[in-house]
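Below: the structure, in structure tokens.
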Amino acid sequence: MMALLTVNNLCTTFSTPEGVVRAVDGVSFSLERGEALGVVGESGSGKSVTVMSLMRLIATPPGRIESGEAIFEGRDLLKLPEANLRSIRGDEIAMIFQDPLTSLNPFLTVKRQLTEVLETHRRMSPKKALTESIHMLELVGIPSPAKRINDYPHEFSGGMRQRVMIAMALLCRPKLLIADEPTTALDVTIQAQILELIADLRHEFGTTVILITHNLGIVAEVCDHVAVMYAGKIAEYGKMGEIFVRPRHPYTQGLLRSLPRLDEKRAARLESIVGQPPDLTLLPTGCAFHPRCEVKSEHCLREFPSAVRFGDHHYAHCWHAEDRS
Amino acid sequence: MSSIAAVSDIQLEKKSSLWLDAWCRLKKNKMAMVSSFLVVAFFLLAIAVPILSPFPIDEVHYDSIGMAPNTLHWFGTDILGRDMLARTFYGLRISLAVGLTATLVSFAIGVVYGAVAGFYGGKVDALMMRFVDVVYGLPYMFFVIIVMSVFGNNILILFMAIGAVSWLTMARIVRGQVLSISQKEFVEAARSCGVRNRTIIFRHLIPNALGPIIVYTTLMVPRTILVEAFLSFLGLGIQPPQASLGSLASDGASAMDLYPWLILFPGVVLAILLFALNYFGDGLRDALDPRMKK
Ligand SMILES: Nc1ncnc2c1ncn2[C@@H]1O[C@H](COP(=O)(O)OP(=O)(O)O)[C@@H](O)[C@H]1O
Ligand SMILES: [Mg+2]
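Listed in order, the protein sequences are those of chains A and B. Quick note on numbering: the first sequence equals residues 12 to 336 in this note's numbering. Quick note on numbering: the second sequence equals residues 21 to 314 in this note's numbering.
Structural data, given as structure tokens:
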């Protein structure tokens, strides 16, 4: 079967006073129907810009999609006329953002914001749109949805607000759901509930998911594939299980070491990767990770590593990936 | 006691919408409340003056020329024997009408213009705002006076001339607001849901900028009234037999030494009106956004 989404060599730049920043630099991946892809990396690694580019929601200027293609069911999202794209957004591809408080309009009731989506894409009668919205709120676990739907966003708690956002995203039963750090703004117990909800709904609707996070632990709960991003590039890509068991890129290994583990008896001090995420205006030569890398060699300073494959669906961009299995 | 206060505070925080908060703050501001009562009173008087006043505005009485204020004519009469109380409130009526209409015109133009510029940003924004800057640079009064002298002293032209220049500031304010609101995630979220640009501008952006828009609109009313008064004072505005507070004051000024009440009453009413509108606008600004306070 054809992949739902195939991204090839996506490059997005920003013109800043410090110079042109390559926020996304040659990202390629492919998503099968029903798959859940986790995109991980420290903040600033280009995760959001990648998905915003797919939706063509990059503010231009300062941003610009330089090159690449994103084939979604045979259509290139990056070349589609704006009007066609608008009918895809929210209908076939929906998004959930990090902060549910700021992603809902404080001046409109939840009802208005939910029915707006259905009106835009489905031309539903107001009554039908309302019934549908209430039903969706119920599915995402909002108690007494028929009543709460008339409330304003600030009358909901953080977790409930994110549920509203999820309901809004799923209203049109999108084929692809993009969640950009959906739990970062929430506290830990709520985080778990929201992730569980996303995982449940994903199976219920058969939705394909891209889940962005800077926490590999979260990926483990929902996703079956992982793309690790560093400085605008995919450093390593593979099946969830393989990445966790046999990470090949030193950066992935570092991310994994910084996870708290349940199986460790003593509370070992979490190792975090030494050094700072790179300044994109002053990228190091060769492999951008080399200043923080423990295994770097002279080669890493000179040339960006080509992909080293480990089976069909696992690759890492590291000159030393082979020796570190 | 304090814990009860704290609890009710929290409930207030949760229950009250932004508007309710603003209303509570406004109620505490005595000057603003007094001003709003005055404004409402003036409005009602201006509307009801034909019913309340026993004297028509333009009835000439040669037997009561230039009478000082007395029990029959509270504000005295003018040199044609017309009752000044009636004329003052008729004048107020015209002044308010000019102020409101011109404000409405500039409100409509300014809000849409500013919102479009702020929403699209980039080149569109640069071009649109450069135009505003250029018009802004023209001497304002000079422009209005030229328009008035070219197209004649028509009240409609007066409305439009004043409205056409006062939308500039509104456009700037709205554009600034929209520019910052556009950065907010809910606008991005609306876009990611495929909502049309027009809907985003009118349903998501403008309502969120409503606070400053309302405040500036309120403050624009006295400003346009003052402009109208000034133009009428120069003889460019309202023409007799119609009268505005400005043209009344102008008439009164020419006979100031003999009949001082002719300028006194329209002048005082104009001053009170402007003070009240300004205080109300300031109060509204403080209530809607305490951080905007200068
Ligand atoms: N509006 C912008 N203007 C300039 N640079 C930007 C803008 N948005 C993103 N960037 C650049 O893109 C990089 C990646 O950003 P982003 O994709 O948001 O990171 P994250 O992985 O945390 O989601 C940032 O480090 C920044 O340099
Ligand atoms: Mg991000």
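No residue lacks a Cβ here, since even glycine has one placed at the ideal position from N, Cα and C.
Beta-carbon to beta-carbon, residue 46 of chain A and residue 235 of chain A are separated by about 6 Å, close enough to satisfy the 8 Å threshold. Against chain B, the CB of residue 120 of chain A has no partner CB under 8 Å away; the residue lies outside that interface.
Here DSSP, grouped into helix, strand and coil, assigns residue 57 of chain A to coil. Distances from the alpha-carbon of residue 245 of chain B to those of B:107, B:304, B:46, B:291 put B:291 closest. Excluding its 5 nearest sequence neighbours in each direction, residue 63 of chain A has C-beta neighbours in its own chain below 7 Å: 69, listed in chain order. With a 10 Å radius around the Cβ and a threshold of 16 neighbouring Cβ atoms, residue 39 of chain B comes out exposed. Any Cβ of chain A closer than 8 Å to the Cβ of residue 142 of chain B would place that residue at the interface, and such an atom is present. Residue pairing of residue 76 of chain A in beta bridges, as defined by DSSP: A:23. With respect to residue 240 of chain A, residue 32 of chain A sits apart: the two C-beta atoms are not nearer than 8 Å. With 16 or more other Cβ atoms from the protein chains shown falling within 10 Å of its own Cβ, residue 55 of chain A counts as buried.
Contact annotation: in the segment 130-155 of chain B, residues whose CB is within less than 7 Å of a CB in chain A are 142. Beta-bridge annotation (DSSP): residue 40 of chain A is paired with A:18.
Ranking B:171, B:186, B:136 by CA distance to the CA of residue 243 of chain B puts B:186 first. For residue 193 of chain B, the enclosing alpha helix (DSSP H) begins and ends at 175-202. Residue-level contact by beta carbon holds for residue 214 of chain B and chain A, with a gap shorter than 8 Å. The Cβ-Cβ distance between residue 111 of chain B and residue 254 of chain B does not fall below 8 Å.
Taking C-beta atoms as the reference points, residue 268 of chain B and residue 107 of chain B count as a pair closer than 8 Å.
Taking 8 Å as the threshold, the shortest C-beta distance from residue 206 of chain B to chain A falls below it. Its chain contains 227, 228 as the residues whose beta carbon lies nearer than 7 Å to that of residue 270 of chain A, once the 5 sequence neighbours on both sides are disregarded; these appear in chain order. If you look at residue 104 of chain A, you'll find it in the beta strand (DSSP E) that goes 104-107. Near chain A, meaning a CB-to-CB distance below 7 Å, no residue of the segment 99-112 of chain B qualifies.
The Cβ of residue 227 of chain B sits closer than 8 Å to at least one Cβ of chain A. Of all C-beta pairs linking the segment 201-212 of chain B to the segment 94-108 of chain A, three or more are shorter than 8 Å, placing the two stretches in contact. Residue pairing by DSSP places residue 236 of chain A opposite A:48, A:250 in a beta bridge.
Under the three-pair Cβ rule at 8 Å, the segment 107-125 of chain A counts as touching the segment 145-164 of chain A. Interface criterion not met: the Cβ of residue 195 of chain A is under 8 Å from no Cβ in chain B. Residue 200 of chain A: member of the alpha helix (DSSP H) spanning 199-216, first to last residue.
Contact between residue 183 of chain B and residue 126 of chain B holds: their C-beta atoms lie close to 5 Å from each other, under 8 Å. If you look at residue 191 of chain A, you'll find it in the beta strand (DSSP E) that goes 187-191.
Straight-line measurement puts the Cα of residue 37 of chain A at about 24 Å from the Cα of residue 308 of chain A.
As the crow flies, the alpha-carbon of residue 88 of chain B is around 34 Å from that of residue 52 of chain B. Chain-order list of chain B residues neighbouring residue 188 of chain A: empty, with the shortest C-beta distance near 11 Å, by a criterion of under 9 Å.
A straight line joining the alpha-carbon of residue 230 of chain A with that of residue 224 of chain A spans about 7 Å. Per DSSP, reduced to three states, the secondary structure at residue 47 of chain B is helical.
Comparing alpha carbon positions, the residue from B:278, B:272, B:297, B:150 closest to residue 241 of chain B is B:297.
With respect to chain A, the C-beta atom of residue 211 of chain B has a partner C-beta closer than 8 Å.
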